[in-house]
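According to the UniProt record's numbering, the sequence shown holds residues 1 to 786 in order.
Every residue gets a Cβ at the ideal spot worked out from N, C-alpha and C, and that includes glycine.
Have a look at the structure below before the remarks.
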Amino acid sequence: MGNRLSHRPADALHPDLPAEQRYVSMLYSRLDDLRERLSARRDTARMEEDETPGRLTHRDNLTALYNRRLRQLDAVENGLCFGRLDTADTHRYIGRIGIFDTAREPLLIDWRADAARPFYTATAARPGDVTRRRHIRTTGRRVTELTDEVLDLAAPQDGRRTIAGEAALLAALESERTGRMRDIVETIQGEQDEIIRDGLDGVLIVEGGPGTGKTAVALHRAAYLLYEHRARLASRGVLLIGPNQTFLDYISEVLPGLAETDVLLRTVGTLYPGVTADRAENPEAVAVKGDVRMIEVMAAAVADRQRLPVEPVEMDTEYGTLSLDRETCAVARDKARATGRRHNAARPVFAKALVAALAEQVAERIGTDPLGGDNLLDAADVDEIAAELAGESDVQAVLDWLWPVLTPQQLLAGLLGGEERLRTAAPHLSAAQRESLRREPHSGWTVADVPLLDEAAELLGLPDDRERRDADRRRAEERAAYAQGVLDIAMGSRSIDMEDEDDPEILMATDLLDAALLGERHTDTGHLTTAERAAADRTWTFGHIVVDEAQELSAMAWRMLMRRSVARSMTIVGDLAQSGSPAGTTSWRKVLEPYAEGRIRHRRLTVGYRTPAEIMAEAAVVLAEIDPALRAPEAVRSTGVPPWRRTVDADRLPAEVAGLATEEAARAGRGSVGVIASRRFTPGVAEAVAAAGDADRVTVTAVDGAKGLEFDAVVVVDPAGIVAESVRGRNDLYVALTRATQRLGVVDVVLPAEARTGHRGGNGSPVTGGRPVDNRSNAKPPGGTR
Numbered sequence: 001m002g003n004r005l006s007h008r009p010a011d012a013l014h015p016d017l018p019a020e021q022r023y024v025s026m027l028y029s030r031l032d033d034l035r036e037r038l039s040a041r042r043d044t045a046r047m048e049e050d051e052t053p054g055r056l057t058h059r060d061n062l063t064a065l066y067n068r069r070l071r072q073l074d075a076v077e078n079g080l081c082f083g084r085l086d087t088a089d090t091h092r093y094i095g096r097i098g099i100f101d102t103a104r105e106p107l108l109i110d111w112r113a114d115a116a117r118p119f120y121t122a123t124a125a126r127p128g129d130v131t132r133r134r135h136i137r138t139t140g141r142r143v144t145e146l147t148d149e150v151l152d153l154a155a156p157q158d159g160r161r162t163i164a165g166e167a168a169l170l171a172a173l174e175s176e177r178t179g180r181m182r183d184i185v186e187t188i189q190g191e192q193d194e195i196i197r198d199g200l201d202g203v204l205i206v207e208g209g210p211g212t213g214k215t216a217v218a219l220h221r222a223a224y225l226l227y228e229h230r231a232r233l234a235s236r237g238v239l240l241i242g243p244n245q246t247f248l249d250y251i252s253e254v255l256p257g258l259a260e261t262d263v264l265l266r267t268v269g270t271l272y273p274g275v276t277a278d279r280a281e282n283p284e285a286v287a288v289k290g291d292v293r294m295i296e297v298m299a300a301a302v303a304d305r306q307r308l309p310v311e312p313v314e315m316d317t318e319y320g321t322l323s324l325d326r327e328t329c330a331v332a333r334d335k336a337r338a339t340g341r342r343h344n345a346a347r348p349v350f351a352k353a354l355v356a357a358l359a360e361q362v363a364e365r366i367g368t369d370p371l372g373g374d375n376l377l378d379a380a381d382v383d384e385i386a387a388e389l390a391g392e393s394d395v396q397a398v399l400d401w402l403w404p405v406l407t408p409q410q411l412l413a414g415l416l417g418g419e420e421r422l423r424t425a426a427p428h429l430s431a432a433q434r435e436s437l438r439r440e441p442h443s444g445w446t447v448a449d450v451p452l453l454d455e456a457a458e459l460l461g462l463p464d465d466r467e468r469r470d471a472d473r474r475r476a477e478e479r480a481a482y483a484q485g486v487l488d489i490a491m492g493s494r495s496i497d498m499e500d501e502d503d504p505e506i507l508m509a510t511d512l513l514d515a516a517l518l519g520e521r522h523t524d525t526g527h528l529t530t531a532e533r534a535a536a537d538r539t540w541t542f543g544h545i546v547v548d549e550a551q552e553l554s555a556m557a558w559r560m561l562m563r564r565s566v567a568r569s570m571t572i573v574g575d576l577a578q579s580g581s582p583a584g585t586t587s588w589r590k591v592l593e594p595y596a597e598g599r600i601r602h603r604r605l606t607v608g609y610r611t612p613a614e615i616m617a618e619a620a621v622v623l624a625e626i627d628p629a630l631r632a633p634e635a636v637r638s639t640g641v642p643p644w645r646r647t648v649d650a651d652r653l654p655a656e657v658a659g660l661a662t663e664e665a666a667r668a669g670r671g672s673v674g675v676i677a678s679r680r681f682t683p684g685v686a687e688a689v690a691a692a693g694d695a696d697r698v699t700v701t702a703v704d705g706a707k708g709l710e711f712d713a714v715v716v717v718d719p720a721g722i723v724a725e726s727v728r729g730r731n732d733l734y735v736a737l738t739r740a741t742q743r744l745g746v747v748d749v750v751l752p753a754e755a756r757t758g759h760r761g762g763n764g765s766p767v768t769g770g771r772p773v774d775n776r777s778n779a780k781p782p783g784g785t786r
């Protein structure tokens, strides 16, 4: 690219700083007033004395609404106001929320509003009516720095890439990482802003290399869509899928800081209510379970539980011994399947047909005219016999064996725990593939199991009466959710300031909605938020879904997600070059077109903000080995610190790496350090780091635990082992090398001779950079040249 950011010393104290401090202090005073009024209204709502169901529901929903607004106000405390836009005749302040004066004139413009957009898009070449963009940096409630950009049409243009707010961006990029992701609301760049504000409908794929801001863009897009399309999204909510729980913890403070506190954060492994997917899985099983062929396997597994007896089945009843032969059972099975109902819902049809056949046997036995005439029992008599037989324990036991009512967990555990069931349901899989699926009963669930459980739930359904009750419950909740959305809009979706200054007791829409809509909410749902209701309901469909690190999802995981997005409104964020899962995505079109053909848009981020040029150059060599056609992101900055390298014997590795991590932690100050190792060395290194007392400052993980994360300094341990451990090992190594924002070190491992088979690297050719190891670096401290 034409230019890179470089560190520049701060200017002397800006002459406007006192005036800006007064304005920012006024905004915080207004924020405090809002908190007080909202708290007072919440307390008044809590004291509601009318105990009728409708008024109680009204009270609970108002209390929940006020609590949510208060949480939003608390979340935007830091960096409330961060910018100012000047035009020829006015200026406007930009911040995390909208705040208005008593005349409803804006004091602070929400960053998502159209009026704030020039803060991110105005350039010297296309300034619009903006003459100056000011970045306001604060610490707590104190203004610490002002940086101005004068947008002058007469200034010469040199063709360089335009970087909005260079000083503010550089400060953000070079600041220490704290273990929690920060938002980029102050430094959103033009190409990022366009993606954030793209439309709601259809599937938007956002692709970009490491450090291009994909995750930040996705999170800010979620916040923007909730602001711009509140009416459509309030009742159904937004789901964000991340690669692991560490990642979700890492990003957990971003959306609240953008004034959105009701987005459901989940991993694929936690998306099925009531299931904890915490068991490790072998790569072969991950690949098989994620394949679309499992659709056929799961359907066959259900069909296999709809049994036909080889020999007649006998049962003892009060009418004597009765039997069911294969042909009778086949007729009943065909009748149940012909209804098109799912397995559990179709069982009553199957049971009724078989019990009717048994009743006919009894009628033939006790109702036959001894003189040879017609049967003495009429239809009512036969129905009464059938009702009695249906309650017989032996009859129920036979029905349960022939057509059991199953939970998804029972179906999948039975399939994976039985060799014969696997052979019957998956004849098209190889013996080795079937064996990879085998597991011991009650051994827990893996992430790869969750989409299969979801598939099983779709095939099984609920028992007939439960399904009807569940549908009624969902309809009631949808009505309540719709009313809550209207309530949110009526209370002010675009501004936290929801008070009427002249008459705080003015009649509001919320006073009219409770009896007609909110009063219909079932007592068991109470005043749960949209996210809470969605988390407990497997069948919930969301208004919008954001998927980060989307390249890791299997075909079966995509199938599960699409059930939760009927409208196909999604933001898909990922990088195919970073795909490490054996069942991961290799083509966006391949996995998405079956569900959203003609509704897919593709955008690419090309500028690398996180990863310095020195580190990106190292990673680019590995990227070329993955695919020569791929290009690394253009690094926007250079640190002047080249990556360092060491070679260590395997028996000394944990202690050596722990020492290196301690050195990096000292250099990072309050910043974060990550040690990313091959799986074989991760436990030992983690133990050594903990023994050194650095466990709180240094994160030790395998590559899959580092997906989506960033650290000030990273030590990559055993790059050759990382490559050898997976069919997509080079992708994993590329991920590991691009997690650092400041410093990178690589530790190669010299393995004992007997352990070198199949493990490239060590004292042979290294993987990183494709160059021989300079063993002289063993005598140099981290930061030395190679």
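Cβ-based burial, residue i [other Cβ within 10 Å; buried from 16]
i: ASN282; result: exposed
i: PRO15; result: exposed
i: ARG305; result: buried
i: HIS58; result: buried
i: ALA19; result: exposed
i: VAL292; result: exposed
i: VAL263; result: buried
i: PRO612; result: buried
i: LEU13; result: exposed
i: ASP732; result: buried
Residue span of the beta strand (DSSP E) that contains residue i, given as start and end
i: GLY674; result: 673-677
i: MET616; result: MET616 -> not in any beta strand (DSSP E); alpha helix (DSSP H) instead, spanning 613-626.
i: SER323; result: 320-324
i: ARG316; result: Note that residue 316 is Asp in the sequence shown here, rather than Arg. That run of the beta strand (DSSP E) goes 313-317.
Coarse secondary structure for residue i, derived from DSSP in three states
i: SER39; result: helix
i: PRO18; result: helix
i: ALA740; result: strand
i: HIS58; result: helix
i: HIS343; result: helix
i: PHE542; result: coil
i: ASP514; result: Residue placement at ASP514 is flagged as unreliable, the pLDDT there being 42, under the threshold of 50; a coordinate-derived value is accordingly withheld.
i: VAL566; result: coil
i: TRP644; result: strand
i: MET181; result: coil
i: VAL750; result: strand
i: ILE295; result: helix
i: MET47; result: coil
i: GLU186; result: coil
i: VAL302; result: helix
i: GLY128; result: coil
i: VAL636; result: coil
Within 8 Å, strictly: CB atoms of residue i and residue j
i: THR246; j: GLY705; result: yes
i: PHE100; j: ILE136; result: no
i: ARG697; j: ALA665; result: yes
i: MET181; j: TYR250; result: yes
i: ASP674; j: THR699; result: The sequence shown places Gly at residue 674, rather than the Asp named in the question. Their beta carbons are under 8 Å apart, which means GLY674 touches THR699 by this criterion.
i: ARG279; j: SER443; result: yes
i: GLY461; j: PRO441; result: no
i: ALA336; j: SER436; result: no
i: GLY708; j: GLU532; result: no
i: GLY671; j: ASP718; result: no
i: ALA75; j: THR63; result: no
Any non-hydrogen atom of the ligand ZN within 7 Å of residue i CB
i: ALA222; result: Of ligands this structure carries none, so the ligand ZN is not represented either.
Boundaries of the alpha helix (DSSP H) in which residue i is found, first to last residue
i: HIS220; result: 214-228
i: GLU149; result: No alpha helix (DSSP H) contains GLU149, which is instead part of the beta strand (DSSP E) from 142-150.
i: GLU593; result: 588-596
i: GLY414; result: 408-417
| query | For the segment 61-120, which segments carrying the beta strand (DSSP E) assignment without a break, of at least 3 residues, lie completely within its bounds, in sequence order? | reply | Complete beta strand (DSSP E) runs here, min 3: 81-86, 91-95 and 106-110.
| query | Counting only runs that start and end within the segment 226-284, where is the beta strand (DSSP E) found for 3 or more residues in a row? | reply | Along the segment 226-284, the beta strand (DSSP E) occurs as fully enclosed runs of 3 or more residues at 238-242 and 264-267, listed in sequence order.
| task | Would you list, in sequence order, the uninterrupted beta strand (DSSP E) runs of no fewer than 3 residues that lie entirely inside the segment 652-710? | result | Runs found: 673-677 and 698-701.
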